[in-house]
Amino acid sequence: MEFVSTQSIRRRSKQPEKQSNVPVGSLVLPSMLHCLMLTWSDERAGLLRNAAESESWRSTVNRDVQEYLRNLFRLRVPLTLIDLPCLKSNSYVGIQQAASHASELGSSQVIICGNDNHREEEIWARGLGVWAYLPGDRGPAGLEFVFGDARQALAKSAMTYVELEAYH
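Quick note, in this note's numbering, the sequence shown goes up one by one and the last residue is 173.
Written out as structure tokens, the structure is:
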């Protein structure tokens, strides 16, 4: 049996080796990149959806708490984002309770977009064990960063799962 190093094969090949632009460890099956979102306005829904899509996430956006809760039980998604309205909003308590339900289920990573300069809200969110808490409106760049981070975390956990399954 003859062993050939990859270096000798590359030297014999006339074609240059292609390099991927995608960082190693950030590849995930597209079917795994599905997130569920609950928000309070059409404008925020568009902003969240665009940020998710820019990082290859397919999103299901809900504006109604009951619809969100149905989807939370019906869909198995790796990422859930809850966008809290201002503290004086009539829907604040209902959306906050939906966030509690999302974290209790434990089947996905939870991101909460909260209000700026509201420490009690952040302490509450951290107490739920959320994956990320974003205080205030961070705009598209901040949201895209979080969705990119979530994709990389999912890729790492997926690789770990596959590696564990290979040994059992």
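Ideal Cβ positions, reconstructed from N, Cα and C, are used throughout, including at glycine. Owing to the predicted nature of the structure, the values given are computational and were not obtained by experimental measurement.
Residue i versus residue j - alpha carbon distance
i    : j    : result
P90  : V82  : 23 Å
V70  : S46  : 12 Å
A59  : L53  : A small fix is needed here, since residue 59 is Ser in this sequence, not Ala. When rounded, the distance between both Cα atoms is 10 Å.
S162 : D154 : 12 Å
D121 : I100 : 17 Å
Span of the beta strand (DSSP E) around residue i
i   : result
V66 : 63-67
L43 : 39-43
Sequence-distant residues of its chain with Cβ nearer than 8 Å to residue i (five each side left out)
i    : result
H123 : L92, P140
E127 : G119, Y138, P140
Exposed unless 16 or more other CB atoms sit within 10 angstroms - verdict on residue i
i    : result
G119 : buried
Q114 : buried
N67  : buried
L148 : buried
L159 : buried
Element boundaries [alpha helix (DSSP H), containing residue i]
i    : result
W129 : 124-133
G141 : First-last for G141: undefined, no H or E at that position.
Own chain residues within Cβ distance below 6 Å of residue i, not counting five before or after
i   : result
D88 : T44, R49, C118
Same chain only: Cβ atoms within 7 Å of residue i, ignoring 5 sequence neighbours per side
i    : result
L110 : L77
Query - alpha helix (DSSP H) runs wholly inside the region 81-120, at least 4 long, in chain order - result: 97-110
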